[in-house]
Amino acid sequence: MALPLVLLVLLAAVTAAREAHGYVAYNTSAGTVAGLLNVHLVPHSHDDVGWLKTVDQYYVGSNNSIQGACVMNTLDSVVDALARDPGRKFVVAEQAFFQRWWVEKSPQIQAIVHKLVDSGQLEFINGGWCMHDEAATHYIDMIDQTTLGHRVIKKQFNKTPRAGWQIDPFGHSAVQAYLLGTELGFDSVHFARIDYQDRAKRKDDKGLEVIWQGSRTFGSSSQIFTNAFPVHYSPPDGFSFEVLNDMTPVQDDPLLFDTNVEQRVNDFVSAAIAQANVTRTNHIMWTMGDDFNYQYAESWFRNMDRLIHYVNKDGRVHALYSTPSIYTDAKHASNESWPLKRDDYFPYADSTNAYWTGYFTSRPTFKGYVRMLSGYYLAARQIEFLVGGSFTSSLEDPLGIAQHHDAVSGTAKQHTTDDYSKRLALGASQVEKGVNTALACLTSSKGTCMPPAVKFSQCQLLNISYCPSTEEQISGGKGLVITAYNPLGWEHSDFIRVPVNDLHLVVKSSDGSFVDSQLVEVDNVTSNLRKLYVKAYLGINTDKPPKYWLVFQASVPPMGWNTYFVSKPKGAGSNRMGYVSSIASPSKDTVEVGPGSLKMTFSSASGQLTRMFNSITGVDLPIQQSFLWYGSNSGDGADSQASGAYIFRPDGSTPTVVSRSVPLKVIRGPLVDEVHQQFSPWIYQVTRLYKDKEHAEVEYTIGPIPVNDGIGKEVITRLTANMVTNHTFYTDSNGRDFLKRVRDYREDWDLQVTQPVAGNYYPGQSRNVCNRWEI
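The structure is reproduced here in structure tokens:
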């Protein structure tokens, strides 16, 4: 019986030794300490809502040959680790993932999460459906996707996020600062990506953290405390504890030969002091996480527990679990003064030849699709409210996901972008059904929806003249009813264009009066695009595109609708048929087009635009437009950085003009004049000038871009005028405010020009005013 006794004594001794060295329990509940450097450890996982994998693949952990990532495991693991120790904390950003996880959990797990949120262990930051892009997004979409996430957080937890966490978008807009600080009431925003030259100067000046004034109009009311990280959103070197990565854990077991507590504490203190030297106050933040981390959360928390315990025991600096909110409160309590920033953080470059301005135009078709559905979603929600229905939720999730900084930006892999498009299409088709039913109710003369007197259909593919309803309805001898809805808060007048096959048509308004109309031939480019679509997606080889566009002007009250009737003329209406557009033959050196006050002049010889004139404003501007392309740099011996979906890096040569002689076709009519220009076999442009409109509508079709010569091509359009601008121009910020730009200049630091072309590109959502710069 002696042997078991010896074993018991030995086991007891081992347990006592481990407890004496803090192996079992660690004190991690400490707050900040005055007089010491406080290191705020913020545990997080950056979970892209689609990128290298689709959003579904990231959530469930499939297709791991591309990237080992499973957000479901991360959330399961984090909640389990937080429940073990009340001193631990974690922050969650993307509600698209969290809400999917939440509805799968049992009431018991949901109760645990409620306690974690109420205690502050689990904090929602940003709170949007995704971490949206800030260059390619419209401010309405930024608001909508953030509102979607905040609404469910408020409903489920009665919490409102107060910290912005835009750690990965590739540059940051002024409107973002305004929306977070003024509209959402956030007290801080935190991010990683700013220009490498800007970061270096701010580190020297201890100016990484600023008060950012997002709007010159609203002044101090648009300010927000802004924290730009000194390196990235990962921990300092050597302090990542992702179990699948090469890491150096904190080993304090006295029975092991490779204990390293003293070295790890010294490393921690050294890294903390180095970061403290580039920021103000005695508070610094360590972002403890990276892309799709914490799939085994205990690895992180176990090591952070030990670090906090032994670093605080050492006493040179103080470590604590924290969140962006706790960190901001500590910064605010220090009564420190901060630099003021008034512009934005565009363009972003992370090295000499890596300007992330390429994504401003990456996947333009997808960008256009998102923008189109955004406007449609706004109108649908209004119609939904008017009838008291509920049918727009199917588009909330896909449209929210589409604002992600790897979605609308155009930087996701092709299969992921296809998945985004599929989700949007499915969501829009469901909303379309609801809108059709709602419009039948709203326009019913009987004031009832059962059964609907009129069946509505919509044409989502008017860009390629595909609308079977308008083509078949009239050809079959039936009249066509067109209802135009105006989502704006003021009366709006615009031109309706629908494809038709019949040459003899009249348009009437809802009061029976005739409306002037015009028929314009459908161009060959549009017809060919339609043929490709119906063959590839509908399997139809015999499709005959419509011959004409029927054009008429509709006037619609604010947040209201108006109805128009299209039919074949009868009796006295025969003299009100749509005017058939004429094709003009240039007989002079120049051709002037425009049925209204705005005129544009083109050269008969070259086919190029030469002048714009507005008889109302008196503006008379010599102006030229051309298409050019820069050769894409594929990397060189000095720098392997290539041009691509993210990066715009021209090869340094002068851009090539696509064509100096452009075949020109001019179509005239009382409502609209059109100028068709064929710049090359792969660039086609239509310019439209409408009656009573003081702007030109320009529609261009580009592609497929030829690469048989082995040269990638960055295609631009350039407008050249004689305005004296002193290198100054203006761009819009997310479609809301204007920002002043000066070529080769930054307001906050002395720019060392390394990329004179790529470094002067800025994002624009709706308006750009410039001279001689590519837009």
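All the letters of the sequence shown, read from the start, carry residue numbers -16 to -1, 1 to 759 under mature numbering (1 follows the signal peptide of the UniProt record, and there is no 0). C-beta atoms are modelled at their ideal positions from N, C-alpha and C, and glycine is treated no differently.
**Q.** Where Glu455 falls: helix, strand or coil (DSSP)
**A.** helix
Q | C-alpha distance - Ala147 paired with Lys187, whole-angstrom precision | A | About 23 Å.
**Q.** Terminal residues of the beta strand (DSSP E) in which Trp196 lies
**A.** Glu193 to Gln197
(Q) By the DSSP assignment, the beta strand (DSSP E) with Gly544 in it spans what residues? (A) Gly544 to Ser551
Q. Just checking, does the stretch 723 to 734 make contact with the stretch 160 to 167 on the three C-beta pairs under 8 Å criterion?
A. no
Q) How far does the beta strand (DSSP E) with Ser172 in it reach, from first residue to last? A) Ser172 to Phe175
Q. In chain order, what residues of the same chain lie with their CB nearer than 7 Å to the CB of Met561, ignoring the 5 residues before and after it?
A. In its chain, beyond the 5 residues on either side, His488, Leu489, Val490 and Pro553 have a beta carbon closer than 7 Å to the beta carbon of Met561.
**Q.** Beta-carbon proximity check, Asp313 vs Val253, cutoff 9 Å
**A.** no
Q) Where does Arg347 fall in DSSP's three states? A) coil
Q.
Buried or exposed for Trp35, going by 16 or more other Cβ atoms inside 10 Å?
A. With 16 or more neighbouring CB atoms inside 10 Å of its own CB, Trp35 falls in the buried class.
Q: Output the boundary residues of the beta strand (DSSP E) element that contains Gly148.
A: Ala147 to Trp149
Q. Whose C-beta lies closer than 8 Å to the C-beta of His293 among residues of the same chain, with five residues either side of it excluded?
A. Sequence-distant partners of His293 (beyond 5 residues in either direction) whose C-beta falls short of 8 Å from its own C-beta, in its chain, are Gly6, Tyr10, Asn11 and Thr12.
Q | Reference Asn598; option with closest CA among Asp676, Gly372 and Val39 | A | Asp676
**Q.** Whether Leu516 touches Gly591 by CB criterion (9 Å)
**A.** no
Q: Starting from the Cα of Gln402, find the closest Cα among Lys351, Leu370 and Ile208 and give me that residue.
A: It is Asp, not Gln, that sits at residue 402 in the sequence shown. Nearest of Lys351, Leu370 and Ile208 to Asp402, Cα basis: Lys351.
Q. Nearest CA to the CA of His24: which residue from Ile600, Ser309 and Tyr450?
A. Ser309
Q | Exposed unless 16 or more other CB atoms sit within 10 angstroms - verdict on Glu576 | A | exposed
Q: Since I believe Val159 is in contact with Ser581 (beta carbons under 8 Å), could you give me their beta-carbon distance rounded to a whole number of angstroms?
A: Actually they do not touch by this definition, with Cβ atoms about 32 Å apart.
Q. Can you check whether the CB of Ser664 is closer than 9 Å to the CB of Phe611?
A. The beta carbons of Phe611 and Ser664 sit closer together than 9 Å.
Q | Buried/exposed call for Lys519, threshold 16 Cβ in 10 Å | A | exposed
Q | Gln502, DSSP secondary structure in three states | A | strand
Q. What is the C-beta distance between Pro654 and Gln502, in whole angstroms, given that I count them as a contact (C-beta under 8 Å)?
A. 6 Å
Q.
Just to confirm, is the Cβ distance from residue 814 to Ile109 under 9 Å?
A. The chain is shown only over -16 to 759; residue 814 falls outside these bounds and no answer can be derived.
Q: Report the three-state DSSP secondary structure of Thr601 (helix, strand or coil).
A: Reduced to three states, the DSSP call for Thr601 is coil.
Q.
I'd like to know whether the C-beta atoms of Leu423 and Ile367 end up nearer to each other than 9 Å.
A. Yes, they are a contact pair.
Q. Does the distance from the C-beta atom of Glu311 to that of Ser172 stay below 9 Å?
A. The amino acid occupying residue 311 in the given sequence is Tyr; Glu does not appear at that position. When the beta-carbon positions are compared, Tyr311 and Ser172 come within less than 9 Å of each other.
Q. Beta carbon of Ala338, beta carbon of Gln736: below 9 Å?
A. no
Q) Taking the C-alpha atoms as reference points, what is the distance between Ala364 and His389? A) 25 Å
Q. Looking at Arg290 and Val245, is the spacing between their C-beta atoms short of 9 Å?
A. yes
**Q.** Three-state class that DSSP yields for Tyr7 in the structure shown
**A.** Summary for Tyr7: the model assigns pLDDT 36, below 50, so the residue's position carries little reliability; its value from the coordinates is reported in the next sentence. Three-state result, Tyr7: coil.
Q | Option in Thr701, Asn692 and His660 with minimal Cα separation from Pro639 | A | Thr701
**Q.** Buried or exposed by the 16-neighbour rule on C-beta atoms within 10 Å, applied to Arg68
**A.** exposed
Q. Quick one: what's Asn617 bridged to in DSSP?
A. Asn617 pairs with nothing; no bridge assigned.
Q.
Do Ile268 and Asn22 have their beta-carbon atoms positioned less than 9 Å apart in this structure?
A. yes
Q. Hey, is the stretch 261 to 276 in contact with the stretch 174 to 190, meaning 3+ C-beta pairs nearer than 8 Å?
A. yes
Q: With DSSP collapsed to three states, give me the class of Trp533.
A: strand
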